[in-house]
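Just so you know, the sequence shown maps onto residues 775 to 1041 in the numbering used here.
Quick reminder that beta carbons are idealized off the backbone N, C-alpha and C, glycines included.
Everything numeric in this text was worked out from a predicted model, so none of it was measured.
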Amino acid sequence: MVMPFIWSLLTSIKPNDEIFRIPLQWLPSIITFDHYIEAFEAVPFGRYLINSLYLAVMGVFFNLLFGSMSGYAFAKLKFKGRKVIFAILLAAMMIPGVVVMIPQYIVLNHIPLMGGNNILGQGGHGLLNNFWAVILPGAAGSFAVFFMRQFFKTLPDEYMESARIDGCSEFRIYWNLYLPLTKPALATLGIFTFQAGWNSFLWPLIVLNDRSLYTVQIGLQAFTFDKQTAYGPMMAATIVIILPIILIFMYLQKYFIEGANFSGIKS
């Protein structure tokens, strides 16, 4: 499992003539960082990194906010149709993402009064070619709601009942009492969401046409041209892309393990 990553790392610091040498030469005779320089000079890779970071962070923010609010409602509040709505939510998780891409595209293209559209959503391009076309469809993911609901179910109801007796509002109970107890779950969901947003390729490729809005995953295409691939710069760019995920996981590893242990205990 680790060998492809080792090969990528070693390839990124090899001279070009040693990348596909037969027999395979694992260790470079000379360590060079020219491929890293070329990766940032060939394409505006720094801009792509900023774009991907922005989209990933926004995805994490909205999923943690809406996922925790919805998860709290499904786990702790009693309202009519709760089980039916949650069953529909679970059913939505089983639908492959590619199935809903065309409906999502049509909806985003016909958002009223956006992107040159009139009040009927006609005449322009709506939210297409805009970062919000990537952020909004995943702002409240089904998995985020399900995951947070599972964690909230493990927390005692007595906290909520005592707070209500003291006159706390429902939002204050959620925000000040229960949300601080879900740090492990939030950290775990944050890692999952950041990774999904950072690695997203197909949907940004479909809705973003302006090169200044490209993400790092789309930017990797620039190293393949005229049926040839510049493997040195591509591997260098790949290593740079992997680093944020590794650093985030290392920083939140303790919460990640704790959250994964607790999230599926109570159904």
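{"Query": "If you follow the alpha helix (DSSP H) that N883 is in, where does it begin and where does it stop?", "Result": "M875 to N883"}
{"Query": "For a cutoff of 8 Å on Cβ pairs, would you count D791 as touching chain D?", "Result": "Note that chain D does not occur in the displayed structure, where there is just one protein chain."}
{"Query": "When we look at the beta-carbon of I804 and count the other beta-carbons within 10 Å, is it buried (16 or more) or exposed?", "Result": "exposed"}
{"Query": "How many angstroms separate the CA atom of S986 from the CA atom of G993?", "Result": "10 Å"}
{"Query": "Drop a sphere of 10 angstroms on the beta-carbon of P886, count the other beta-carbons inside from all chains shown, and report buried for 16 or more, exposed for fewer.", "Result": "exposed"}
{"Query": "In the structure shown, what three-state DSSP assignment does I835 receive?", "Result": "At residue 835 the sequence reads Phe, which differs from the Ile that was named. Here F835 sits in helix by DSSP."}
{"Query": "What's the C-alpha gap between A970 and P789?", "Result": "33 Å"}
{"Query": "Can you tell me which of the three DSSP states Q896 falls into?", "Result": "coil"}
{"Query": "To which residues of the same chain is W800 closer than 7 Å at the C-beta, ignoring the five residues directly before and after it?", "Result": "L784"}
{"Query": "Cβ of V990 within 8 Å of Cβ of Y879?", "Result": "no"}
{"Query": "Please name the residue or residues paired with S999 in a DSSP beta bridge.", "Result": "Per the sequence presented here, residue 999 reads as Phe, with Ser not at that position. For F999, which the question treats as bridged, DSSP gives the partners Q1002."}
{"Query": "Indicate the three-state DSSP secondary structure (helix, strand or coil) for M934 in the structure shown.", "Result": "helix"}
{"Query": "Mapping the DSSP letters down to three states, classify V776 as helix, strand or coil.", "Result": "coil"}
{"Query": "Run the CB neighbour count on A861, radius 10 Å, all protein chains shown included, and call it buried at 16 or more, exposed below.", "Result": "exposed"}
{"Query": "Rounded to a whole number of angstroms, what is the C-alpha to C-alpha distance between F921 and L979?", "Result": "28 Å"}
{"Query": "Please confirm whether A813 and F807 have their CB atoms less than 8 Å apart.", "Result": "no"}
{"Query": "Just the Cα atoms here: how many angstroms apart are L953 and G915?", "Result": "18 Å"}
{"Query": "Excluding the 5 residues flanking I1013 on each side, which residues of the same chain have their C-beta closer than 7 Å to its C-beta?", "Result": "S782, L783 and S786"}
{"Query": "When you compare only the Cα positions, how much space is there between F779 and I811?", "Result": "20 Å"}
{"Query": "Quick one: residues in its chain with C-beta nearer than 7 Å to the C-beta of D984, no 5 flanking neighbours on either side, listed in chain order?", "Result": "N903"}
{"Query": "Report back the beta-carbon spacing between A830 and F968 to the nearest angstrom; my notes put them in contact at under 8 Å.", "Result": "5 Å"}
{"Query": "Buried or exposed: N950, going by 16 or more other Cβ atoms within 10 Å of its Cβ?", "Result": "exposed"}
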